[in-house]
Every structure is written in structure tokens, then in C-alpha cells.
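The sequence shown begins at -14 in our numbering and counts up one residue at a time. For reference, the structure is listed below as C-alpha cells.
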Amino acid sequence: MNDDVAVEPLLSEWTARIQAGLGARGILRPRLVGIQTGGVLLAEHLARALSPDQPLGRLDISFYRDDHGQIGLHPKVLPSHLPWSIEGEHVLLVDDVLYTGRTIRAALNELFDWGRPASVQLAVLISRDGRELPIQADYVGRDLTIGAGRHIKLRAEPVLHLETIQIPER
């Protein structure tokens, strides 16, 4: 997987598309909210280009997930933090991989527990096959087909890279 998708050039193209899309909608200062953990890494990258003087929001959606049993999650819960009110604000929700859509559904549930934004747009670095809910991103770095039984994760060490993980049979 790492050889198929070079992350650094992909980030540059993705950021430029997001800047152009936000500009076309007249959104000059979106509230950036990353979904723990890969989405936060990417939101930090986007913040440098979009709003370097603004703190980031972070969502941990562990309590909102509906698929713990199916995917074997044993969540390590991290606190969510939105350092500003989202009432009437334009929110850019950021995640690393859009797969089934369940993470984004959970993130929207939690986000609306914090208030009612004017709009929410979704930016994901990777959109892959396997959607279970009718959710799509406004900004996608790359569309990939990797088939069932595999996951893609954004890793930060030693450098930002994408890793494909084979899911063990049950």
C-alpha cells in the first residue's frame, strides 16, 4: 500500500482542493475538527494552510459507535475537545479513511451534541470501497478499492504513511 499512495504529494493536492472548495463556498475560516486519531493528524496539517491562528477541535467517537462487536473494537477513549462554540459556524470534519460510513455517522452525532453548525463538510484522505451508510465526502484525496478483509490506517511513525492491514478471519 505504501508504494501505491505517496502521502506527501497527496496531502498537497488534497489541501489545494479543499482550499478551492471552501473559497468557492465563501467559507474563509472553517472550524477544523479532526476525528481521533488519523483525522486529528490530518486536521493539524490542514490547519497550517487554512487557519494557522485557530485551535483545532478533536472528536473521539468511541461512545457513539454502533459496531464495536462486529469489528472487535476495544476502544481507548480519548476526550473530545471543541475549543469554541460551533453554533452557526462552518465546520470542516476531517478523517483519514472513509470506509463503511459508521465513523462519520458517529462523529456527526457527537458534533451535534455540541451545537448546531451552519454547515458541516467532510474531508477524507482516502475513500475506499465497502460503504454501508449513504455518506460521501466533500473532499477526497484518493478513491481506492482494496476489497473486503483489509483496512487502511494512516500512521505517523516514522513518517506519515498509509498502511494496509489484513483482518484475521473469525
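We treat Cβ as the ideally placed atom computed from N, Cα and C, and that holds for glycine. Computed from a predicted model, the values in this text were never measured in an experiment.
Give me the Cα-Cα distance between residue i and residue j, rounded to the nearest whole angstrom.
| i | j | result |
| --- | --- | --- |
| proline 153 | glycine 11 | 46 Å |
| isoleucine 137 | glycine 24 | 13 Å |
| arginine 16 | glycine 132 | 34 Å |
| arginine 157 | valine 18 | No information on residue 157 is available, as it lies outside the stretch -14 to 155 that the chain covers here. |
| glycine 8 | glutamate 29 | 19 Å |
| alanine 34 | glycine 115 | 31 Å |
| glutamate -2 | arginine 127 | 10 Å |
| isoleucine 56 | leucine 13 | Its pLDDT being 47, under 50, isoleucine 56 is placed unreliably in this model, and the value from its coordinates should be taken loosely. If I take the Cα positions, the gap works out to 38 Å. |
| glutamate 72 | alanine 5 | 24 Å |
| glutamine 151 | arginine 2 | 31 Å |
| glutamate 95 | leucine 26 | 19 Å |
| valine 144 | threonine 88 | 25 Å |
For residue i, which residues does DSSP report across the bridge?
| i | result |
| --- | --- |
| glycine 24 | Beta-bridge pairing links glycine 24 to no other residue. |
| threonine 149 | Ile137 |
| arginine 14 | Answer by DSSP bridge pairing: none, since arginine 14 is not bridged. |
Report yes if the C-beta distance between residue i and residue j is below 8 Å; otherwise report no.
| i | j | result |
| --- | --- | --- |
| leucine 78 | alanine 91 | no |
| leucine 44 | serine 65 | yes |
| alanine 103 | serine 112 | no |
| glutamine 39 | alanine 32 | yes |
| leucine 67 | leucine 110 | no |
| isoleucine 120 | glycine 86 | yes |
If distances are taken between C-alpha atoms only, which option among the options comes closest to residue i?
| i | options | result |
| --- | --- | --- |
| alanine 108 | Ala32, Glu(-2), Leu(-4), Val125 | Val125 |
| aspartate 81 | Leu129, Gln151, His75 | Leu129 |
| leucine 83 | Leu118, Pro68, His146 | Leu118 |
Flag residue i as yes when its Cβ comes closer than 7 Å to any non-hydrogen atom of the ligand ADP, and as no otherwise.
| i | result |
| --- | --- |
| serine 70 | Absence of the ligand ADP from the depicted structure is noted, as is the absence of any ligand whatsoever, leaving it without description. |
> If you scan the segment 50 to 133 from start to end, which runs of the alpha helix (DSSP H) of 4 or more residues do you find wholly inside it?
Replying inline: 53 to 56, 87 to 99
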